[in-house]
Each structure stands twice: as structure tokens, then as C-alpha cells.
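Residue numbers (the numbering used here): 10 to 375.
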């Protein structure tokens with residue numbers, strides 16, 4: 010009888026020793042089937058399409074593993090920090106249950122940090138001279154879109170310069186501060202890029218209707234005011250309309266005084282009464298507001314396909330303008346003497362020009 014009892018005890022012990030670990034192992038297999046189910050509730054990582062999203066830059070492996078409520082998570086990365094392209098695995102012994110690629114917003118080279126290299130990669134990819142794909146493309150789309158945009162590389166640039174918090178998503182928001190902006194013309198670099206930059210910083214950008222500041226090249230029609238350049242009176246009216254609703258003003262003087270950059274190269278008015286009226290208004294606007302004016306230095310050549318100028322005139326005027334003139338110093342450095350020296354080279358000789366005299370005079374007057 011005692012022998013039988015001892016045999017039963019031995020059998021029970023063997024069951025406990027051999028079977029229970031198997032039951033525990035089986036339980037682990039059932040509960041830990043996906044990485045997404047193991048993400049701690051105190052972080053914002055998500056899983057989508059084979060990628061782990063929402064990882065910030067500058068996270069070490071040790072810090073990264075605290076994101077998960079499991080000891081069966083491993084991560085392989087190529088630097089001190091977990092970066093884009095790092096591989097995270099859920100393992101059970103030697104078996105890989107699930108494998109994901111990490112995406113760190115803004116980190117396009119996989120080092121787990123954000124710097125000028127990442128900015129340049131995103132910018133070049135947007136412009137078409139570089140290719141980002143897979144997790145590296147996702148890391149560049151920091152503004153939330155499916156494709157790269159100018160806004161993405163501006164956000165990344167401001168992040169590594171310290172003027173924007175990429176991961177704060179609005180921590181540096183300027184609470185709806187409004188800026189009235191009069192651009193130099195309607196080219197994308199002067200319109201779209203400014204919009205993206207203002208939006209990324211949290212500013213609300215107010216702009217007039219595009220017809221008021223557009224430049225029309227030969228053969229492309231006119232604006233509503235019947236000209237190929239901006240509407241100065243219309244812009245002045247618009248500024249008066251938004252005056253009471255704006256915190257700041259950013260205004261192109263080329264646009265306000267000449268109708269845009271291109272048209273500033275052909276202005277040779279003798280009656281400046283309208284210009285003086287605009288100047289008086291802008292001075293008054295500046296006295297009562299925070300206003301930033303910007304202006305450009307005229308280049309040597311005219312504009313191609315504007316007011317009848319084609320390639321020949323462009324080249325002739327460019328070569329004419331680049332000839333060295335006499336250097337003026339001290340009391341000789343006056344506007345009158347600068348103008349008087351336009352047609353003469355450094356030795357005082359007349360600079361030859363094959364254009365008709367009236368065309369050359371119009372160019373110099375501008």
C-alpha cells in the first residue's frame with residue numbers, strides 16, 4: 010500500500026515538474042502574439058503596415074525596450090540610438106513571432122537623430138534628385154501626408170535649428186498670431202514656401218488675392234487691372250482692410266512701389282506722385298503696427314519675355330551691365346555722379362551697346 014502511495018506521489022511530482030512549464034510556455038504563446046498588444050499605455054507608438062510608428066529621436070535601446078510590456082522584445086540598431094530602419098522582433102525562444110521596422114519621424118538616415126543630413130535628404134527627395142523609400146520615406150513625411158512636400162523639409166529644418174518641436178506637435182504654436190503678407194510676386198518660392206513656413210510655426214498668414222500681386226509674362230494675358238504687373242492701389246486697399254485684424258505685416262517694397270520684382274526693372278516714371286502717396290501710407294502703417302519691409306537690389310539684366318525682351322536683349326544688357334565702372338569714394342559718392350557714370354567704363358570711355366538709344370536709356374532709367 011505504501012509503495013503504491015509513493016508511486017502516485019512520484020508521478021504527481023513528475024507531472025508538476027515536466028508539464029507545468031509546458032503549460033506556462035503555452036500560455037505565453039497565446040498571449041504574446043503581436044507587438045502592438047504589448048505597447049505600454051504611456052507612449053504613443055502604433056503599428057501599421059509592418060512598421061512601428063511614433064518613435065522619437067534620441068531614444069537608446071534601453072529606453073526603447075521600456076515601451077513594451079514584455080521581456081520577449083528585441084531590437085537591432087546600427088548606432089547608439091534606435092533609428093529608422095531598426096528591426097524590432099517579438100520572439101519566443103528561437104522563434105520570431107513578429108518583426109517590424111522602426112520609423113523615427115525626421116530621421117531619414119537611420120542614426121536615430123535629426124540633423125542637416127536628414128533635412129537635405131528630404132529636400133532633395135522632394136525636388137526629385139534623391140530617392141527615399143519604405144520606412145525612410147515614411148520618416149520624411151513629418152507633416153502627415155503620404156508624399157513629401159516642402160512643408161516636410163521646412164519642419165525638419167526648424168526642428169534641428171531649435172525653433173520648432175517636431176514631436177510636440179504645436180508646443181511652439183503662436184496661438185493664431187496673424188501676419189499680413191504682400192509677396193514680391195506670385196512664384197511658388199515667394200508664396201507656397203512662405204505659407205508652409207508660417208503654418209509650421211503656428212502663424213495664420215493672410216494674403217491678398219493672387220491677381221493683385223501676379224506678374225504676367227508676354228503672351229500670358231493680364232491681371233484684372235489690365236496690366237501685367239501687380240495692382241498697387243488694390244494692395245493698398247487690402248492692407249487697409251486687414252489693418253485692424255493683424256499682429257504683423259511683411260511687405261515687399263518692389264511689389265508696393267513697382268508692381269513686383271520684374272516690373273521694377275522697367276520702371277522709369279518721372280511723375281512719382283503715386284509712389285509718394287504709397288510711401289506716406291506705409292510710413293503711417295509702420296507707425297501703428299509691427300511692419301517688416303523688404304527690398305531687392307536690381308540685377309544687371311532685364312527679364313526674358315517681358316515687355317518684348319527676348320534672348321538677344323537679355324544677353325546684351327547683361328554684358329553691358331557687368332562692365333566695370335569708375336569707383337566713387339567720399340564726397341564723390343553721390344546719386345547724381347553714380348547716374349552720370351552709367352554709360353562710361355572705368356577709364357571714362359563710352360561703353361558700346363548695340364541696342365537703340367531709347368532702349369538703353371529706358372534700361373538705365375529703371
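The beta carbon of each residue, even a glycine, is placed where N, CA and C say it ideally should be.
Between the CA atoms of residue j and residue i - distance to the nearest angstrom
{"i": "residue 293", "j": "residue 217", "result": "20 Å"}
{"i": "residue 156", "j": "residue 143", "result": "12 Å"}
{"i": "residue 169", "j": "residue 149", "result": "14 Å"}
{"i": "residue 371", "j": "residue 275", "result": "7 Å"}
{"i": "residue 241", "j": "residue 306", "result": "20 Å"}
{"i": "residue 238", "j": "residue 193", "result": "11 Å"}
{"i": "residue 260", "j": "residue 362", "result": "36 Å"}
{"i": "residue 176", "j": "residue 139", "result": "25 Å"}
{"i": "residue 226", "j": "residue 316", "result": "8 Å"}
{"i": "residue 249", "j": "residue 296", "result": "14 Å"}
{"i": "residue 270", "j": "residue 164", "result": "28 Å"}
Residue i - DSSP class collapsed to helix/strand/coil
{"i": "residue 213", "result": "strand"}
{"i": "residue 63", "result": "strand"}
{"i": "residue 342", "result": "coil"}
{"i": "residue 37", "result": "Low local confidence applies: a pLDDT of 44 at residue 37 is under 50, so the model's placement there is unreliable, with the coordinate-based value given in what follows. Residue state, collapsed to three classes: helix."}
{"i": "residue 190", "result": "strand"}
{"i": "residue 100", "result": "strand"}
{"i": "residue 138", "result": "coil"}
{"i": "residue 225", "result": "coil"}
{"i": "residue 45", "result": "helix"}
{"i": "residue 249", "result": "helix"}
{"i": "residue 200", "result": "helix"}
{"i": "residue 351", "result": "coil"}
{"i": "residue 57", "result": "strand"}
{"i": "residue 335", "result": "coil"}
{"i": "residue 282", "result": "helix"}
Close Cβ partners of residue i (< 7 Å) along its chain, the five nearest in sequence each way excluded
{"i": "residue 34", "result": "Residue placement at residue 34 is poorly supported in this model, since its pLDDT is 43, which falls under 50; the coordinates still yield a value, given next. Closer than 7 Å at the Cβ level, and outside the excluded window around residue 34, lies no residue."}
{"i": "residue 195", "result": "219, 222, 223, 224"}
{"i": "residue 93", "result": "111, 112, 113, 116, 117, 119, 144, 145, 148"}
{"i": "residue 355", "result": "333, 334, 335"}
{"i": "residue 53", "result": "63"}
Residue from the options with nearest C-alpha to residue i
{"i": "residue 328", "options": "260, 369, 338", "result": "369"}
{"i": "residue 100", "options": "62, 82, 89", "result": "82"}
{"i": "residue 64", "options": "91, 42, 171", "result": "91"}
{"i": "residue 66", "options": "254, 56, 121", "result": "121"}
{"i": "residue 352", "options": "339, 343, 341, 366", "result": "366"}
{"i": "residue 88", "options": "98, 102, 71, 79", "result": "71"}
{"i": "residue 256", "options": "213, 201, 85", "result": "213"}
{"i": "residue 243", "options": "298, 127, 283", "result": "283"}
{"i": "residue 374", "options": "363, 357, 350", "result": "350"}
{"i": "residue 211", "options": "285, 289, 174", "result": "174"}
{"i": "residue 268", "options": "234, 48, 43, 347", "result": "234"}
Any non-hydrogen atom of the ligand SAM closer than 7 Å to residue i Cβ
{"i": "residue 59", "result": "Although the ligand SAM was asked about, the structure shown includes no ligands whatsoever."}
Close-in-space but distant-in-sequence residues of the same chain around residue i (CB under 8 Å, 5 per side omitted)
{"i": "residue 135", "result": "157, 158, 159, 161, 162"}
{"i": "residue 360", "result": "329, 332, 352, 353, 354"}
- Does the region 199-208 touch the region 153-167, meaning 3 or more C-beta pairs lie closer than 8 Å? In short, these stretches touch, since the Cβ pair count reaches three.
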